[in-house]
Amino acid sequence: MPDATASVLLLGATGQVGHALRRTLAPLGAVHAPDRPAVDLTDLASVRAAVRELGPDLVVNAAAYTDVDGAEEEPARAARINAEAPRVLAEAARAVGAWLVHYSTDYVFDGTKRAPYTEADAPSPISVYGRTKRDGEKAIRTVGGRHVILRTSWVYSRRRSNFVRTMLRLAGENDRLTVVDDQIGVPTWAGWCAEATASVCERLLAGDDMPEAGCYHLAGTGQTSWYGLARAVFAQFGHTDVTVEPVSSGEYETAAPRPAYTVLDSSRARAAFDLPAVPWTAQLARFHKRVRTADGERVARG
C-alpha cells in the first residue's frame, strides 16, 4: 500500500469516470480536483501551472472532449483538449517527477478487425474524435516520462450523456425503440473503471515491482452490440414492456462514422496490475444495484 500522504491531481472530476475517481483515489492520499475555471484544458498555461504549483506524485487526466459527433464540427477544440493538453500534462508531470495516468478510447481503432484488439494493434481512427485521442496518446509517448495510458470503451454511469442513461430515459417515454446492432464493443461501467484505475495507481505509487509505462486496455470481458446492451439494460431494470428492434448503422445517420468492432483485450492490464476479469454483464448488475441503492436512500431522506 502506498503512502497515504501521496498528492494526486485529478482533472475531469465532474465527468463520468472522474466523479467516481474522487472516491476510489481517496485512500491513496490527498486528491486535488480543481474545477474547470481553475484548470481549463483549452488554456494550456493553466494546465501547466496546475501541475507545477501542486507538484503532485500522480496526475490522473479524466478530462476529455468526448462528443464524437461534435468533434466533426469542432476539430480544433477537440484537438486542443484531447491532443495538445495531454502533451502539456505529460511535459509538466515529467518536470516534477509525477506519474501521469491518461484515458483513451477504443475509437482509436478502425473496427475492421474481427478479434479483440490488443495494445500491439496499430491505431487507425476513422473519426475526428478518434484521431484526436490517438494524437494525445502519441504526444504522451513522445514526451516520455512515467505514464500509463488506459484505453476504455462504451463508458456509462448516472452522469452526463451516455447510452445507458439515454436508454433508461427513453424507456419511460416509448414502448418501442430501434437500436444499432452492427457495432460491437465492451460496455464499461464508470464505477468499475474508477476502481480498476485506483488499483493501477496504487501499484504506481508503491514503487516496487513496477509495471512498465505505456498503454493498457481497461475494459471488462465479453462483448455485445448497442442493441444487445439496450436489451440487457431493460431486462436488468425491469423495463420488460419495451420492445427493442435491431437496425443497421446505415439506417441510423450520425455526423461521425463509428467503427464496427472495437472489442478490447484487457489481459495485459489484468496481468500487469493484478486486476480481476469482470464481465460487462456483472458490471451492469452492479450499476443497477448502485442506482437502486441511491434511489432508495433519496426516498428515505424525503
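Quick note on numbering: the UniProt record's numbering labels position 83 of the sequence shown as 83, and the sequence is numbered without any gaps. No residue lacks a Cβ here, since even glycine has one placed at the ideal position from N, Cα and C. Source: prediction; values computed, not measured.
Where the beta strand (DSSP E) through residue i begins and ends
| i | result |
| --- | --- |
| residue 216 | 214-217 |
| residue 150 | 147-152 |
| residue 10 | 6-11 |
Minimum C-alpha distance to residue i - residue among the options
| i | options | result |
| --- | --- | --- |
| residue 162 | 294, 133, 226 and 100 | 226 |
| residue 53 | 6, 93, 185 and 110 | 93 |
| residue 232 | 285, 259, 268 and 272 | 285 |
| residue 221 | 252, 263 and 200 | 263 |
| residue 102 | 110, 115, 95 and 133 | 133 |
| residue 58 | 117, 40 and 207 | 207 |
| residue 67 | 82, 168 and 266 | 82 |
| residue 173 | 259, 17 and 242 | 242 |
| residue 118 | 270, 287 and 291 | 270 |
| residue 291 | 156, 214 and 99 | 156 |
| residue 112 | 105, 123 and 104 | 123 |
| residue 12 | 42, 176 and 179 | 42 |
| residue 18 | 247, 197 and 278 | 197 |
| residue 97 | 26, 84, 8 and 247 | 8 |
| residue 153 | 116, 141 and 34 | 116 |
| residue 75 | 158, 166, 130 and 250 | 130 |
| residue 265 | 25, 71, 49 and 114 | 114 |
Reduced DSSP secondary structure (H/G/I, E/B, other) of residue i
| i | result |
| --- | --- |
| residue 169 | helix |
| residue 42 | coil |
| residue 176 | strand |
| residue 327 | No information on residue 327 is available, as it lies outside the stretch 1 to 302 that the chain covers here. |
| residue 130 | helix |
| residue 29 | strand |
| residue 188 | strand |
| residue 155 | strand |
Supposed close pair residue i, residue j - CB separation, criterion 8 Å
| i | j | result |
| --- | --- | --- |
| residue 69 | residue 256 | 5 Å |
| residue 10 | residue 47 | The Cβ separation is near 13 Å, so there is no contact. |
| residue 160 | residue 15 | 6 Å |
| residue 91 | residue 143 | 5 Å |
| residue 216 | residue 148 | 6 Å |
| residue 86 | residue 139 | 6 Å |
| residue 106 | residue 185 | 6 Å |
| residue 110 | residue 259 | 6 Å |
Residue i - containing alpha helix (DSSP H), residue span
| i | result |
| --- | --- |
| residue 16 | 16-24 |
Start-end ranges of the alpha helix (DSSP H) lying completely within the stretch 53-118, minimum 4 residues
70-73, 75-79 and 85-96
At 3 residues or longer, what runs of the beta strand (DSSP E) sit wholly inside the stretch 207-255?
214-217 and 243-247
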